[in-house]
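Taking numbering that gives the first Met the number 0, the leading residue of the sequence shown gets 0, the next gets one more, and so forth. Virtual Cβ for every residue (Gly too), placed ideally from N, Cα, C. Some notes on the structure that comes next.
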Amino acid sequence: MIGRTLAHYRITAALGAGGMGEVWQATDEKLGREVALKVLPEEFADDPQRLDRFEREARAVASLNHPHIVTIYSVEDAGGIRFLTMELVDGRTLDGMIPENGFDIESFFDLATPLAEAMSAAHDKSVIHRDLKPSNVMVDSDGRVKVMDFGLAKLQETGDSSDSSELPTQALTGIGMVVGTVPYMSPEQIEGKIVDHRTDVFSLGVLLYELATGERPFQGESSPALMSSILKDVPTPLLETRADLPRHLGRVIGRCLEKDRRDRYQTARDVFNELKALRRESSSSTGTAASQPRVENFPPQSMQPSSDLSATGRSSSATGSIPHDEGFWVAVLPFRCRSADSSVEALAEGLTEDIVTGLSRFSYLRVISRSSTSRYAAETVDVRAVGEELGARYVMEGSIRQAGSVLRVAVQVVDTDSGAHLWAETYNRPFRPEEIFELQDDLAPRIVSTIADMNGVLPHTMSESIRSRPVDELSPYEAMLRGFGYYVRLTAEDHIEARDCLERAVTDDPGNADCWALLSVMYAEEHKHGFNVRPDSLDRSLEAARKAVAIAPSNHFAHHSLAQALFFRREIQAFRIAAERAVALNPMDGCTTAFMGILMAYTGQWDEGCALAERAMQLNPHHPGWYRFSIFLNAYRKKDYSGALDVVLKINMPTYYFTHASLAAVYGQLGDQPAARQAVRELLAQKPDFGATAREEWGRWVGPGELLEHLIDGLRKAGLDVDGAGGDTTELKSSDVNSEAGASGSVAIAVLPFSDMSPAKDQDYFCEGMAEEIMNALVGVDGIRVASRTSAFRAQREEKDLQAIGRVLSVDQILEGSVRMAGSRLRVTAQLIGVESGFHLWSERYDREAEDVFAVQDEIANGVVAAVTSRLAPGDRTVQAREQVGNLEAYRHYLKGRYLRHTKNDHAGALQSYEEAIRLDPTHGPSWVGAAEVTVLAAFYSLIPTQQAFAKAKEYLATAARLQGESGEACYVEGLLAWPQRRWGTCEEVLLRAFELEPNNVQALCFFGMELCTRQRLDEAMVYFDRAREVDPLSAFAHATT
0 MIGRTLAHYR ITAALGAGGM GEVWQATDEK LGREVALKVL PEEFADDPQR LDRFEREARA
60 VASLNHPHIV TIYSVEDAGG IRFLTMELVD GRTLDGMIPE NGFDIESFFD LATPLAEAMS
120 AAHDKSVIHR DLKPSNVMVD SDGRVKVMDF GLAKLQETGD SSDSSELPTQ ALTGIGMVVG
180 TVPYMSPEQI EGKIVDHRTD VFSLGVLLYE LATGERPFQG ESSPALMSSI LKDVPTPLLE
240 TRADLPRHLG RVIGRCLEKD RRDRYQTARD VFNELKALRR ESSSSTGTAA SQPRVENFPP
300 QSMQPSSDLS ATGRSSSATG SIPHDEGFWV AVLPFRCRSA DSSVEALAEG LTEDIVTGLS
360 RFSYLRVISR SSTSRYAAET VDVRAVGEEL GARYVMEGSI RQAGSVLRVA VQVVDTDSGA
420 HLWAETYNRP FRPEEIFELQ DDLAPRIVST IADMNGVLPH TMSESIRSRP VDELSPYEAM
480 LRGFGYYVRL TAEDHIEARD CLERAVTDDP GNADCWALLS VMYAEEHKHG FNVRPDSLDR
540 SLEAARKAVA IAPSNHFAHH SLAQALFFRR EIQAFRIAAE RAVALNPMDG CTTAFMGILM
600 AYTGQWDEGC ALAERAMQLN PHHPGWYRFS IFLNAYRKKD YSGALDVVLK INMPTYYFTH
660 ASLAAVYGQL GDQPAARQAV RELLAQKPDF GATAREEWGR WVGPGELLEH LIDGLRKAGL
720 DVDGAGGDTT ELKSSDVNSE AGASGSVAIA VLPFSDMSPA KDQDYFCEGM AEEIMNALVG
780 VDGIRVASRT SAFRAQREEK DLQAIGRVLS VDQILEGSVR MAGSRLRVTA QLIGVESGFH
840 LWSERYDREA EDVFAVQDEI ANGVVAAVTS RLAPGDRTVQ AREQVGNLEA YRHYLKGRYL
900 RHTKNDHAGA LQSYEEAIRL DPTHGPSWVG AAEVTVLAAF YSLIPTQQAF AKAKEYLATA
960 ARLQGESGEA CYVEGLLAWP QRRWGTCEEV LLRAFELEPN NVQALCFFGM ELCTRQRLDE
1020 AMVYFDRARE VDPLSAFAHA TT
């Protein structure tokens, strides 16, 4: 193979061989880089089922982007040879490095901490390793850990081995199948149970035990004996083997090795946090044993092929070291309790635990584990001495006292370097033992938010402590903390310093999600406040935010930055999803809660947004004044000027020009000219050109429309000369703003499922079909935007109030109605309702023969059009009449098929209904298309044989084409059929045609995005995924495929 070229990869050296194939070093001649190339054996590549599963898993693993995980670049096919390309690691596998008695303490943590971090990052992406072992871990020439073969080892076939205890188990995955390498397998793997991420926690525990002692925790002379040991035996306590190890390390590893996965650490993130804390605890008290080798001093090796196919690197003589974790560490001491009441003691313990957990949600804080601080529970301590013992810069301590039915909780935070008390608060609360959890839920979030969020005591203190440091000496972590200082002063000078620091930080540490997120925020500041503007600020902001989310999907600040970028880009539906995610990931972050609330309010969700801002203010009574802006504007837009003035006076941000702009507007509306003119003078002192830029400045936040004009009116009444031509405001799309007035010349309508008024209440399918047919009729009317079927139907199920539904769907009006069938008679009522006013804009009742159902649907659609004609641009908008139902019973079965397919997800039932519709009326083309779709989907879910299903679906589509010609739905189904058959050209061609015929077909958009992902065209795919979510914002399918 050496010298051969596969695709554009020229093979230059052999690296290894194993049961899954051979590993080679190769040069990527397109990109000019060295890669590892893993060639799959012929018998593997010729098995379509296994190959398909392998490629699915490879795509999942390729999504991992972490400095301690080997990166998969691509899955390739060159002349029938299937192979993977991946990162080439310059180093050695861990199985050849473990000393007889284990690593010294520092080297142990150099390896263990990044191992746990890598597993945590993988689990965040829902990727489970299932075969973590020393030979799947490399240490590169700089001492960095790299975990390999995520998700791939489970595909490996059992082969010959001289050591039966090292045999990988069966390749298949599923119930009753055993997957893994025996010494490192979890009990549930051995028993063939379904496994989750906690199986990796067990394997990590085995590996950590071996790194610390040089021995495996479970022993056996054969595979069955070894499996029995894993299932039954308790490992020798760690400290009996190594007395020099940190005393809590045995507890941590022991918990990883619990037989019952419910008793283990529930996430690898917990293990990672424990190891970080233990490392800090041990660094000042434990020396390095000279007899034990350090990671960075492993002896050079000549290049040798590894016997394990997971080897993707080469050995090297270079040396390096792994830096210790940095950071301003925080310790929370157990709250002291002075009460004989055991429930008060329970409160003290619970409150301590909740605060530690809450602080740990903030990724920029380094929180020492509770296990390390628990020894101070019964002691009266010197806080500065404790800080020195724990390596903590900041220490929180608290006490609880009881006097009758009243509790007093006192909390303080001390800087152990200076001895200064940074913050202290006392909370008096009534106490009832049965409400202990409610009390914890009240106090813990207040304490956590006040000291930890971006405007809290600790970030402010940490930022100020490094403010005098030269910028070029800051680490990435310190650069992030320096960036927090911008929000204290909000000046252009602080902005450019923070932006420059963070750009340097992400270059030095591209895997730092916090730095990417804050850099995204700084880029958005260019747009928000006009500071240090460079081209494409919002594009840069979005790109940085997406990188942050990709690196750390569970980091709430990453989603905070993404939500902000999407808001200012006016991608409002996507913004709402990101904002809700940011708040949900860390409800104790008052800053994020307040800011997301403000932005939500400005998109028209005034009630929800203001409620979030109120909640944020309750979390942190010492919050910045800007938390109140949405509440101020809500009162202003309602013309409650006295209430608005009360709010804006409390903002108390005299150096922020929007404070004076707000005061000027509200004083202008109140007619208080002296106060208004004073506010204008102070505004112009800070922003001399605000008269020319007022529309642009306010419009960036509230968008064009009534509120913007209302604010401009207030400024004019205050005496400000507002130039209407100054600035160009980014317009909100009609789908993005919830306003009954709507955009000029257009209207947005949601059609809800009609209510079933039939005595038997068995016409749900007919009622949904009625609504969907009316939607389809309205979609073709120029100037009317119709909310998608899935979103409208889901909104009705989840929201009972029409105004709430309107807000969720961003529509002006809602069409609802009812259906009652009695024999051959059909009664339909319909009414069009304004979302904001609640008025009935149009209503009608129809009593007809059931066969006239199409005529009724068309008349309702025409009634809606007539009701909104005055708001549409001139033109003929008559709904095209359709032929009446030829066979009512067949039509009912067709509607029932759609109901079972889309609402109940019952593919078998849907197919049966479609086939009955075809039997009753073989000329109805849509029934043939529906049957084709559910046949393909049933094959996807293995409900029917694949080849038979595909052949049948082709017949159905051919019949539909003869009956009705070309349709968007049929093109989508044809693409759906071509995708699993890997007929890429056909798939792309017919799906693009589907979009031409039916631009808002969500299924087609999603499946085309999936097809593009399959072919590694990820950027193109995101265009279609984004469009699907825009069209159908509440569609679970659209979000799941994205």
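Going by beta carbons, PRO752 and GLU767 fall inside the 9 Å limit. Within the same chain, and ignoring the five residues on either side of ALA347 in sequence, the residues whose Cβ sits closer than 6 Å to its Cβ are PHE334, CYS336 and ILE399.
The residues VAL355, in chain order, have a CB closer than 6 Å to that of ARG369 in the same chain once the five nearest residues on each side in sequence are set aside. The DSSP-derived three-state label of THR506 is helix. The C-beta of ARG891 has 16 or more other C-beta atoms within 10 Å across all chains shown, which makes the residue buried. In this structure, LEU662 is the residue among LEU662, TYR655 and LEU706 with its C-alpha nearest to the C-alpha of GLY642. Contact fails between the stretch 941-948 and the stretch 988-999, because fewer than three Cβ pairs, one in each stretch, are under 8 Å apart. In this structure, DSSP gives TRP978 a state outside helix and strand, which the three-state scheme calls coil. Take ASP94, set aside five residues on each side of it, and the residues of its chain with a beta-carbon closer than 7 Å to its own are PRO133 and SER134, in chain order. Going by DSSP, VAL38 is part of the beta strand (DSSP E) stretching over 32-38. In the structure shown, GLU257 falls within a coil segment according to DSSP collapsed to helix, strand and coil. Annotation: the continuous alpha helix (DSSP H) that includes LYS716 extends over 705-716.
With a threshold of 16 other beta carbon atoms within 10 Å, HIS122 meets it and is buried. Listed in chain order, the non-local C-beta contacts of LEU210 below 7 Å within the same chain comprise ILE97, GLY101, PHE102, PHE107, LEU110 and ALA111, local neighbours out to five positions each way being set aside. Secondary structure note for THR828: its beta strand (DSSP E) is the uninterrupted segment 824-833. Between the stretch 390-408 and the stretch 476-496 there are fewer than three inter-stretch CB-CB distances shorter than 8 Å, so the stretches are not counted as touching.
DSSP, reduced to helix, strand and coil, places ASP27 within a strand of the structure shown. Pairwise C-beta distances place the stretch 253-266 in contact with the stretch 200-207, as three or more of them are shorter than 8 Å.
Taken atom to atom, the span from the alpha-carbon of ASN619 to that of GLU492 is near 28 Å. Excluding five sequence positions before and after LEU976, the CB atoms of its chain that fall closer than 8 Å to its own CB belong to ALA931, VAL935, PHE949, ALA952, LYS953 and LEU956, given in chain order.
Rounded to whole angstroms, the separation of the alpha carbons of HIS621 and CYS590 is 11 Å. In the three-state DSSP reduction, GLU86 falls in the strand class (E or B). In the structure shown, LYS951 adopts helical secondary structure according to DSSP, grouped into three states.
Nearest in C-alpha terms to LEU83, of all of SER73, ALA77, GLY90 and ARG91, is SER73. TYR898 places its beta carbon 9 Å or farther from that of TYR1023.
Of all C-beta pairs linking the stretch 515-527 to the stretch 543-562, three or more are shorter than 8 Å, placing the two stretches in contact. Spatial neighbours of ALA330 in its own chain (CB-CB distance under 6 Å, excluding positions within 5 residues in sequence) are listed in chain order as ILE367, THR372, LEU389, ALA391 and VAL394. Within the DSSP bridge table, the entry for PRO429 names VAL405 as partners. Taking a C-beta distance under 9 Å as the contact criterion, ILE450 and LEU350 do not qualify as a contact pair.
Excluding the 5 residues flanking it on each side, SER448 has same chain C-beta neighbours closer than 6 Å at MET587, GLY589, LEU618 and ASN619, in chain order.
Secondary structure note for LYS637: it is in no alpha helix (DSSP H), with a DSSP letter that is neither H nor E. The DSSP-derived three-state label of MET774 is helix. For THR92, the beta-bridge partners assigned by DSSP are MET137.
With fewer than 16 other Cβ atoms inside 10 Å of its own Cβ, PHE436 counts as exposed. Rounded to the nearest whole angstrom, the CA to CA distance from LEU274 to VAL205 is 15 Å.
The beta carbon of LEU808 sits closer than 7 Å to those of ALA749, ALA786, SER790, ALA791 and ALA794, all from its chain and outside the five residues before and after it, given in chain order.
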